[in-house]
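Notes follow once the structure below has been shown.
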Amino acid sequence: MVALSLEQAKIAGVVVTAALAIGALVIAWTVKQITQKVVGAAVFAVLAFLVWSQRSSLQDCANTIVADGVTNATCEFFGQDISIPLGD
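If you're matching positions, the sequence shown starts at -11 in the working numbering and goes up one per residue.
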């Protein structure tokens, strides 16, 4: 069995505490980076879904206009009116 003096135990305690503190900072930084990536990917996925659904809605509106034989109409894209001229 290895016997430690009081001074060696104090030094070991400081070293272990410092190592654990550094480890905690590394883990916190890693989790922060992962969380940021996950949140960023989720935001882009939601935006992609919204744009896709609006695009689909705009296409449905244009198809309805063509089916009705109208030459000029207005559809909405993200709440904005979009004029769709349908010339010959």
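Where a beta carbon is used, it is the ideal one built from N, C-alpha and C, also for glycine.
Check: Looking at the structure shown, is S(-7) part of a helix, part of a strand, or coil, going by DSSP?; Outcome: coil
Check: Return yes when the Cβ of D69 is within less than 7 Å of the Cβ of T62, no when it is not.; Outcome: yes
Check: Looking at the secondary structure, which residues open and close the beta strand (DSSP E) in which F65 lies?; Outcome: 60 to 65
Check: Bridge partners for T69 per DSSP, in chain order?; Outcome: One detail in the question is off: residue 69 reads as Asp in this sequence, not Thr. BP columns for D69 point to E64.
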